[in-house]
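Scroll down for the structure; my scribbles are underneath it.
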Amino acid sequence: MAESGLRICFLGVLDDLCGKRFWFLQIDIITIFPEFFRGPLDHGIIRRAREAGLVKIEVRDLRVHTRDRHRTVDDRPFGGGEGMVLKPEPLFECVESLNLATGDERAAAKQSVVLLSAQGRRFDQALAAELADLDRLVLICGRYEGVDERVGMHLADREISIGDYVLSGGELGAAVIADTVVRLIPGALGNEASTRQESFFAGPEIGGGDLSDKNVRPTQPDSTCASGGLLDYPHYTRPAEFRGMKVPEVLVNGNHEDIRRWRRRSALEKTLRNRPDLLDQARLSEEDRELLAEIAASAEQ
Ligand code: SAM
């Protein structure tokens, strides 16, 4: 067994022996297609985070909680209509088997049961950060025409949608949420500053400080600028020229202050172009407002 496999095994045994948690976060995914998760959870950052013991992910087969010969999880909708509906009994039994805190104590225990649903609150980076702060996250994947409403009303703590479109099942949504949340767990990326510089990050600038003061800057030149709720700035790598397309001169001239300012301006430009709605909520500094004025002036020319 590889060293990382041994470590997971060791943490699991410690978990059982001490009745204590050795993971930052445990995610339980409830699905009728457990095989679906073989790919998404086994690569890159999420795999490394599992191997490092930062997160434990358990995929639960809903059919284990059925009692009939055919392992039935769905039934026809009351009132008629198209398709089938996931039955409440296996879902309630499955969640109850996880020994979560009940009622009002669940939030205090930093646990949450989420039903994936096109009708839920739209998932975004702020919600991902909220979920990354939990100790236990349970994701219920719907299928068919959906899930018996009593699950959303009385079993799940919240419903989450990953976007305004309809998927065939909650599994893709659960994978999206798991991936987004895991990369926010301290240590998952190796460099905590990385998440701060990414699109949508709305926390404090690296180095902190009052953003209305235009002299306040991120402390490290190589940290460039935290996104502050904007889209990320453009990234380039070698070669400096590819098929006649050159990397912007400012990035190769080595002047950290020029690079920082160019990146911030580019992030503002891209946000204005692709997601102007984000500018309403973004934490803009005095310098940002100057840059936006510059962008507006150059657009008029
Ligand atoms: N009848 C439902 C509706 O119109 O809202 C759609 C059901 S969909 C075909 C089956 C399952 O896919 C849902 O129960 C949910 O778990 C999942 N799903 C579909 N769209 C989703 C979305 N945008 N976000 C999260 N889960 C979604």
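Residue numbers 0 to 300, in numbering that gives the first Met the number 0, belong to the letters of the sequence shown in order. Ideal Cβ positions, reconstructed from N, Cα and C, are used throughout, including at glycine.
ask   = Going by DSSP, what residues sit across from Q25 in a beta bridge?
value = According to DSSP, Q25 bridges with K55, R135.
key: Span separating the alpha-carbon of L183 from that of G78   = Distance from the CA atom of L183 to the CA atom of G78, rounded to whole angstroms, is 44 Å.
key: Burial state of P238 (16 or more Cβ within 10 Å)   = With fewer than 16 other Cβ atoms from the protein chains shown falling within 10 Å of its own Cβ, P238 counts as exposed.
task = Would you identify the three-state DSSP class for G206, choosing helix, strand or coil?
result = Only weak support exists for where G206 lies, its pLDDT of 38 falling under 50; the value from the coordinates is given anyway. When secondary structure is reduced to three states using DSSP, G206 falls in the coil class, being assigned neither helix nor strand.
task = Figure out for me which residue from I294, G243, F241 has the closest Cα to the Cα of A266.
result = If you compare the alpha carbons of I294, G243, F241 with that of A266, the shortest gap goes to I294.
query = When the Cα of D316 is compared with those of A48, A155, L97, F199, which residue comes out closest?
reply = Residue coverage of the chain in this structure runs from 0 to 300, which leaves residue 316 outside it and unanswerable.
inquiry  = Please identify the residue among R242, R260, A173 whose C-alpha is closest to the C-alpha of L250.
reply    = Closest by alpha carbon: R260.
ask   = DSSP three-state call for I258: helix, strand or coil?
value = The answer is helix: DSSP assigns I258 an H, G or I state.
task = May I ask you to report which of helix, strand or coil DSSP gives T30?
result = Look at T30 here: in three-state DSSP terms it is strand.
request  = Whole angstroms is fine: what's the gap from G253's alpha carbon to R62's?
outcome  = C-alpha separation (whole angstroms): 59 Å.
Burial state of S222 (16 or more Cβ within 10 Å) = In this predicted model, S222 has a pLDDT of only 37, less than 50, meaning its place in the structure is not dependable enough to derive any value.
ask   = Between R120 and the rest of its own chain, which residues show a CB-CB distance below 8 Å, the 5 nearest in sequence each way excluded?
value = Cβ neighbours of R120 beyond the five flanking positions: L126, R157, E158, I159, S160.
request  = Reducing DSSP to helix, strand and coil, say where K109 ends up.
outcome  = Three-state DSSP puts K109 in coil, outside helix and strand.
request  = Determine, using beta carbons only, whether E170 and M83 come nearer to each other than 8 Å.
outcome  = For E170 and M83, no; Cβs fall outside 8 Å.
request  = Provide the residue span of the beta strand (DSSP E) that contains S160, from first to last.
outcome  = For S160, the enclosing beta strand (DSSP E) covers residues 157–160.
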